[in-house]
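J.:
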Amino acid sequence: MPLFDLDAVSASSPDAKRTNTAHAVAPGPHAAHQSSARMSKWLRSSVLALGLALGACAGNPPPIKAVAPVTDGTVNSLNSPGSTGAPNAAGGATAGNAPVPTPTQPGAPLSQIRPHNVRIGLALGGGAARGFAHIGVIKALEAHGIHPDLVAGTSAGSVVAALYASGMSGLQMNRTALKLDEASISDWAMPFRSRGLIKGVALENYLNTTLHDRKIEQLKIPLGIVATDLRTGEPILFQRGNTGQAVRASCSIPSLFEPVVIGDHEYVDGGLVSPVPAAFAHKMGADFVIAVDISSRPESGVTASSLDMLMQTFTIMGQTIKAYELDKYADVVIRPNLSRMGGADFADRNAAILAGEEAVQNAWPEIQRKLAAARLAPPALTSAR
Numbered sequence: 001m002p003l004f005d006l007d008a009v010s011a012s013s014p015d016a017k018r019t020n021t022a023h024a025v026a027p028g029p030h031a032a033h034q035s036s037a038r039m040s041k042w043l044r045s046s047v048l049a050l051g052l053a054l055g056a057c058a059g060n061p062p063p064i065k066a067v068a069p070v071t072d073g074t075v076n077s078l079n080s081p082g083s084t085g086a087p088n089a090a091g092g093a094t095a096g097n098a099p100v101p102t103p104t105q106p107g108a109p110l111s112q113i114r115p116h117n118v119r120i121g122l123a124l125g126g127g128a129a130r131g132f133a134h135i136g137v138i139k140a141l142e143a144h145g146i147h148p149d150l151v152a153g154t155s156a157g158s159v160v161a162a163l164y165a166s167g168m169s170g171l172q173m174n175r176t177a178l179k180l181d182e183a184s185i186s187d188w189a190m191p192f193r194s195r196g197l198i199k200g201v202a203l204e205n206y207l208n209t210t211l212h213d214r215k216i217e218q219l220k221i222p223l224g225i226v227a228t229d230l231r232t233g234e235p236i237l238f239q240r241g242n243t244g245q246a247v248r249a250s251c252s253i254p255s256l257f258e259p260v261v262i263g264d265h266e267y268v269d270g271g272l273v274s275p276v277p278a279a280f281a282h283k284m285g286a287d288f289v290i291a292v293d294i295s296s297r298p299e300s301g302v303t304a305s306s307l308d309m310l311m312q313t314f315t316i317m318g319q320t321i322k323a324y325e326l327d328k329y330a331d332v333v334i335r336p337n338l339s340r341m342g343g344a345d346f347a348d349r350n351a352a353i354l355a356g357e358e359a360v361q362n363a364w365p366e367i368q369r370k371l372a373a374a375r376l377a378p379p380a381l382t383s384a385r
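Structure, rendered in structure tokens:
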């Protein structure tokens with residue numbers, strides 16, 4: 001449970017309807033009174049986000065929920081990681097509900113076991129500017145002939161995940177990243193009239209323009225985007241609807257970005273509940289999960305900016321839940337060496353991309369060995385976690 005319980009924030013029914021439009025609150029005639037109220041609301045949402053994160057660190061991750069689609073707001077509850085059962089709403093079975101193939105009989109000679117295809121899932125974690133390393137990871141995996149069948153992303157990882165799911169190659173994303181002007185995706189909010197410093201609409205528009213306004217379900221490979229429901233503290237998996245809006249929600253670091261309003265719910269950064277979404281990649285149907293962890297271990301000297309301080313806070317709070325999720329659901333964890341890069345170091349994007357490539361090269365023997373073993377294992381064993 002969260003450590004903070006704000007009376008004014010009540011959990012709504014999981015069957016509530018969601019819309020595809022975020023609603024902005026316009027200032028009223030009593031500016032001074034409203035400014036104070038907004039500041040109070042901003043502080044309350046910040047404290048709530050902190051409470052949600054600390055609560056998540058106290059034990060196992062909260063139950064996974066899926067919003068599908070964002071456009072009409074149907075909510076499908078998924079089971080907690082590792083559990084099985086039918087979905088709560090019709091439509092779209094999850095990986096845990098797929099028919100389980102008959103395993104190879106015990107004692108069968110190895111010569112009779114034929115390699116089979118495994119569905120590879122890529123789980124991309126959050127880390128602000130460190131997210132450029134994901135591009136290098138994808139470039140190197142492609143160079144080795146690895147093309148993931150599905151991708152899940154949290155926060156900065158959701159941006160790269162959306163681009164990759166759209167059909168962009170690692171090389172194409174590299175070129176796009178080097179040309180990106182971060183000012184073009186930063187839209188500053190009015191002080192004391194907002195619950196964050198950045199609105200996030202510019203990021204949403206940039207993604208939708210780049211993807212030619214394709215919805216999540218219209219992309220080339222399955223995409224899952226993880227965000228946090230600010231009221232309930234539950235992880236939300238977006239698998240249909242407005243791609244840019246879902247990514248914006250996943251990237252909305254509390255206090256830095258305004259929460260994203262969809263229907264009567266508010267969403268913030270997915271890193272609060274799933275720093276590296278390996279469990280979601282598995283739930284989406286992956287037999288073999290490659291997770292990319294771009295967060296750093298807590299250390300001194302990396303809090304030069306406000307963003308770095310926030311990222312350091314998330315790193316500290318998310319260590320327990322991240323360790324649990326990676327240990328249980330990731331087959332391989334790739335950790336680029338980004339020790340000298342802060343969350344706000346967008347100028348070091350090329351170095352981050354190179355670090356991602358190098359990390360795959362270092363991990364390649366392990367990837368090759370474990371992937372070969374997964375292809376020889378009975379299908380039922382590769383999907384059972």
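At position 312 of the sequence shown the residue is numbered 312 (full-length UniProt numbering), and the sequence of numbers has no breaks.
Note that the Cβ used here is the ideal one computed from N, Cα and C, for glycine as well.
This structure is a prediction, so every number in the text was calculated from the model and none was measured.
Roughly how many whole angstroms lie between the Cα atoms of residue 347 and residue 128?
T.: 12 Å
J.: Do you know offhand how far residue 292's Cα is from residue 263's?
T.: If you take the alpha carbons of residue 292 and residue 263, they lie about 32 Å apart.
J.: Roughly how many angstroms lie between the CA atoms of residue 247 and residue 206, to the nearest whole one?
T.: 11 Å
J.: In its own chain, which residues sit with a C-beta less than 7 Å from the C-beta of residue 274, not counting the 5 before and 5 after it?
T.: 61, 154, 226, 235, 280, 325
J.: So, at 8 Å on beta carbons, what are the nonlocal neighbours of residue 370 in its own chain, with the 5 sequence-adjacent residues on each side left out?
T.: 288, 331, 332
J.: Tell me the DSSP secondary structure of residue 134 in three-state form.
T.: It is helical.
J.: What number of angstroms, rounded off, separates the C-alpha of residue 223 from the C-alpha of residue 241?
T.: 11 Å
J.: Any idea if residue 229 is buried or exposed, counting beta-carbon neighbours within 10 angstroms, 16 or more meaning buried?
T.: buried
J.: Starting from the Cα of residue 148, find the closest Cα among 170, 197, 249, 317 and give me that residue.
T.: 170
J.: Going by DSSP, what residues sit across from residue 235 in a beta bridge?
T.: 228
J.: Can you list the beta strand (DSSP E) stretches of 3 or more residues lying completely in the segment 271-355, in chain order?
T.: 288-292, 332-334
J.: Checking 7 Å against the spacing of the C-beta atoms, do residue 338 and residue 136 come in under that value?
T.: For residue 338 and residue 136, no; Cβs fall outside 7 Å.
J.: Quick one: what does DSSP say residue 374 is sitting in, helix, strand or coil?
T.: helix
J.: Which two residues bound the contiguous alpha helix (DSSP H) that contains residue 244?
T.: 243-250
J.: Could you work out which residue in 130, 167, 216 is closest to residue 142 when comparing CA atoms only?
T.: 167
J.: Could you round the C-beta distance between residue 200 and residue 257 to whole angstroms and report it? I think they count as a contact, below 8 Å.
T.: In this structure residue 200 is in contact with residue 257, their Cβ atoms being roughly 5 Å apart against a cut-off of 8 Å.
J.: What first and last residue would you give for the beta strand (DSSP E) that runs through residue 204?
T.: Where residue 204 is concerned, there is no enclosing beta strand (DSSP E), although the alpha helix (DSSP H) it sits in stretches over 201-210.
J.: With distance defined between alpha-carbon atoms, name the residue in 178, 232, 156 nearest to residue 204.
T.: The candidate whose alpha carbon is nearest that of residue 204 is 156.
J.: Thinking residue 121 and residue 282 are a contact (beta carbons under 8 Å), I'd like their distance in whole angstroms, please.
T.: Correct: roughly 7 Å between the Cβ atoms.
J.: What residues in its chain sit with their C-beta under 8 Å from that of residue 260, if we drop five residues either side in the sequence?
T.: 22, 200, 227, 245, 248, 249, 252, 266, 267, 268
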